[in-house]
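Please read the structure below before turning to the comments.
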Amino acid sequence: MSDPLLAVSDLVVDFKTRAGNARVLDHISLSVNEGEILGIVGESGCGKSMTALSIMGLIPDPPGKITSGSIKLSGQELVGMGVDDLCKIRGKDIGMIFQEPMTSLNPVFTVGEQIAESVRLHEGASAKAAHARAVDMLEAVEIPEAATRAHAYPYQLSGGMRQRVMIAMALACRPRVLIADEPTTALDTTVQAQIFDLLQNLQDEMGTAIIMITHDMGAIAELADNVAVMYAGSIVEMGKVDNVLSHPDHTYTKGLIACVPHLSTSPGPVRERLMEIEGVVPALTDLGKGCAFAPRCNAVLPRCSSDKPELIATQENHLAACWAAEAEMAE
Amino acid sequence: MGLGQILAKRIGYGLILLIAVVVLNFTLITIAPGDVADSIAGDMGGADAEVLAEIRSRYGLDQPFAVQLGRYISSIAALDLGYSYFYNAPVTELILQRLPATLLLVFSSQILAIAVGLLLGVMAARKPNSFTNLIVTFLSLFGFAAPVFWTGILLIILFVAIWPVFPVGGMMSALLIDAPWYEQWVNIAYHLVLPMVTLASIYLALYSRLTRASMQEVLGSDYVRTARAKGLAENKVFYKHALKNSLGPLVTVAGLQFSAVISGAVVVEAVFSWPGLGTLALQSILARDTPTIMGILFFSSLVVIVVNILTDMALRMIDPRIRAD
């Protein structure tokens with residue numbers, strides 16, 4: 001099999017904090033192929049955004065640092081690459097859209113200028129050609145009256161429109177990989193659906209690989225091919241999306257799926273209780289030896305608090321790092 | 332609303348404000364004890380009530396307050412600020428003679444303070460643990476703590492006694508009175524150095540600190556991360572995306588400080604015997620030369636109002652969100 005388009009292997013990222021060293025990413029391995037969508041899910045503070053920033057080479061240093069591991073784009077190593085070379089890849093080969101469309105666009109430049117800037121930078125296009133591309137991109141993300149809107153400032157656009165602009169900016173140079181870091185978290189539900197549709201359409205058209213970071217299990221189910229579940233800086237379960245969602249092995253994944261509220265059409269006399277996973281994500285500075293999820297797990301075994309489980313194949317194309325799952329498999 | 336319309340509106344407000352300032356000045360001076368007649372009588376070595384009354388009627392001081400105020404405003408509208416009996420010259424002429432020196436001092440010191448403050452602030456924000464940052468911290472503490480007359484006197488001591496390279500008083504060497512204009516200008520620039528640096532020192536401290544703080548804030552913002560994610564080099568991220576966003580506070584404060592700069596100039600002019608409005612103000616206050624004092628107040632408020640309008644327009648050019656109001 002040929003190299004995957006983007007392959008992250010054994011990536012370790014540490015942050016120096018006052019409370020000590022925090023291992024925000026602990027031996028992360030994942031890969032994504034052309035035309036694929038990889039979903040990354042997990043609670044806040046699990047390392048999802050850190051994974052994205054590491055791939056972009058945008059970990060704030062200090063205090064953060066890639067301690068070990070490798071990130072390869074079509075076989076080209078990105079870890080340790082010089083800033084100048086990284087700048088040629090960011091925005092060109094790997095595009096990124098962020099969670100907060102309200103604040104992610106520069107308020108003092110028009111949206112057209114901001115999209116055109118990428119094109120001029122990476123393709124050396126003339127101001128006129130770059131502007132024309134910006135208008136094309138705004139059309140591609142289905143912004144009405146694109147030619148006029150190109151001259152608008154971000155404050156004149158709604159959140160959904162701004163996120164479309166972000167997508168247009170990230171895709172302006174036709175990157176091979178698009179990282180979408182919770183692209184819809186800050187938006188209305190209806191707008192969320194539109195943005196997801198848009199991403200899927202653009203992906204069909206351009207064949208871009210997408211790494212989709214989200215809280216939204218529904219979106220993962222609908223869009224993603226593969227999914228990685230992260231907890232406390234580690235991937236705890238990974239596999240084909242249908243399989244992971246229908247037959248989760250890790251207690252954490254089961255919990256996440258159970259937390260998705262159901263819409264019921266005929267409300268009974270007693271309302272269904274909303275599910276939650278008890279407890280919070282532990283501080284990364286004082287993770288014990290065992291499984292980081294053990295204190296919140298409802299299927300905890302004696303060895304969970306002393307040994308950290310590794311990712312093992314529990315089903316076909318499906319990995320999980322859970323002693324309980326392993327024990328079940330052994331039976 | 333277009334920028335032109337906003338400008339017109341701001342000028343209208345400025346005129347109203349200017350009239351209010353004139354009325355206020357006039358009222359304050361009128362209710363202050365003693366008047367020109369007392370002062371003239373004092374210079375004459377005393378006078379009886381009859382002479383005083385005659386002087387008052389000659390200067391229109393026996394008219395009701397409203398009439399005096401009305402006359403004053405209408406004469407100002409005709410750009411006539413009255414006659415200074417102390418200098419024996421029309422006030423407008425006196426002020427126009429001195430105004431260029433003060434404007435030169437005030438604007439050059441502000442340009443110096445803004446340029447150097449901006450540069451130091453940006454450099455300090457870029458490398459928080461660097462030597463530059465230390466210098467900015469030191470400068471801002473020193474600049475805030477040291478009163479401007481003290482800085483001035485220290486500089487005089489330094490450049491008179493220890494290192495006599497800059498002239499410490501006056502505006503132009505008297506020998507050059509018939510020299511060609513460019514020689515005069517060079518000489519004026521040479522004389523300008525010390526008063527300009529002295530007056531700039533406080534604001535330099537303020538502006539560098541302000542720039543550092545707003546740059547640091549902007550650098551942590553999401554759109555700076557977006558700019559990096561686009562693949563822009565650090566210099567571009569800094570000087571294009573971050574700097575334009577952090578100019579707002581600097582422009583606002585520089586505009587607001589302008590009236591303080593003018594009063595600072597009074598002190599600096601006195602220390603360096605700079606022949607500007609400050610020196611004139613001081614002398615006319617001591618001489619109770621009411622028309623001149625009011626004329627100076629009028630001109631300084633005019634300058635402050637104009638600068639405020641310019642500040643407002645500059646802010647609108649920088650930030651499209653303000654432009655929209």
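Respectively, the protein sequence lines represent chains A and B.
Reminder that position 81 of the first sequence reads as 81 in the working numbering, one-by-one numbering, no gaps.
To convert, count from 1 in the second sequence and add 331; that's the working numbering.
Heads up, the beta-carbon is just placed ideally off N, CA and C, and yes, glycines get one too.
- Counting only the Cα atoms, Met169 of chain A lies some 52 Å from Ile350 of chain B.
- Counting C-beta pairs closer than 8 Å gives fewer than three between the segment 630-637 of chain B and the segment 549-561 of chain B, which falls short of the contact rule.
- The beta strand (DSSP E) runs lying completely inside the segment 533-574 of chain B and spanning 3 residues or more number zero.
- The beta carbons of Leu443 of chain B and Met503 of chain B sit no closer together than 8 Å.
- Identification of chain A residues near Lys458 of chain B by a Cβ-Cβ cut-off of 8 Å yields none; the smallest Cβ-Cβ distance measures about 12 Å.
- With contacts defined as CB atoms closer than 8 Å, Arg164 of chain A and Val141 of chain A qualify as a contacting pair.
- Look at Glu278 of chain A: its C-beta is not under 8 Å from any C-beta on chain B.
- In the same chain as Ile277 of chain A, and ignoring 5 residues on each side of it, the C-beta atoms closer than 7 Å to its own belong to Gly255, Cys259 and Arg296, in chain order.
- Under the three-state reduction of DSSP output, Arg90 of chain A falls in the strand class.
- Contact residues of the segment 537-568 of chain B toward chain A are Ser552, Asp553, Tyr554, Val555, Arg556, Thr557, Ala558, Arg559, Ala560, Lys561, Gly562, Leu563, Ala564, Glu565 and Lys567 (C-beta to C-beta distance below 9 Å).
- Boundaries cannot be given for Tyr390 of chain B, as no alpha helix (DSSP H) includes it and DSSP labels it neither H nor E.
- Of the candidates B:Ala432, B:Glu565 and B:Thr529, the residue whose Cα lies closest to the Cα of Trp605 of chain B is B:Ala432.
- Taking 8 Å as the threshold, the shortest C-beta distance from Arg652 of chain B to chain A falls below it.
- When DSSP reads this structure, Val241 of chain A sits in no beta bridge, so it has no partner.
- Put simply, the CB of Ile649 of chain B is near chain A, with a gap under 8 Å to one of its CB atoms.
- Under the three-state reduction of DSSP output, Ala228 of chain A falls in the strand class.
- DSSP, read as helix, strand or coil, puts Lys128 of chain A in helix.
- Looking at the backbone, the Cα of Ile426 of chain B and that of Val568 of chain B are separated by about 47 Å.
- Annotated three-state conformation of Val119 of chain A is helix, per DSSP.
- Separation of Gly609 of chain B and Pro144 of chain A (C-alpha to C-alpha, rounded to the nearest whole angstrom) is 60 Å.
- When C-alpha distances from Val549 of chain B are compared across B:Val592, B:Arg457, B:Phe629 and B:Val496, the shortest belongs to B:Arg457.
- Contact with chain A is found for Asn576 of chain B, since one of that chain's Cβ atoms lies less than 8 Å from the residue's Cβ.
- The Cβ of Lys240 of chain A sits no closer than 8 Å to any Cβ of chain B.
- Only Met56 and Leu58 from the segment 52-77 of chain A bring a Cβ to less than 8 Å from some Cβ of chain B.
- Residues of chain B whose Cβ lies closer than 7 Å to the Cβ of Gly91 of chain A are, in chain order, Ala560, Lys561 and Gly562.
- Under the three-state reduction of DSSP output, Ala180 of chain A falls in the strand class.
- Using a 10 angstroms sphere on the CB of Val83 of chain A, the tally of other CB atoms stays under 16, which defines it as exposed.
- In this model, Leu617 of chain B and Phe417 of chain B are separated by some 11 Å (Cα to Cα).
- The criterion of a C-beta distance shorter than 8 Å is satisfied by Val41 of chain A and Val227 of chain A.
- Between Gly35 of chain A and Gly279 of chain A, the gap from beta carbon to beta carbon reaches 8 Å or more.
- The count of Cβ pairs closer than 8 Å, one atom from the segment 569-589 of chain B and one from the segment 468-476 of chain B, stays below three, leaving the stretches out of contact.
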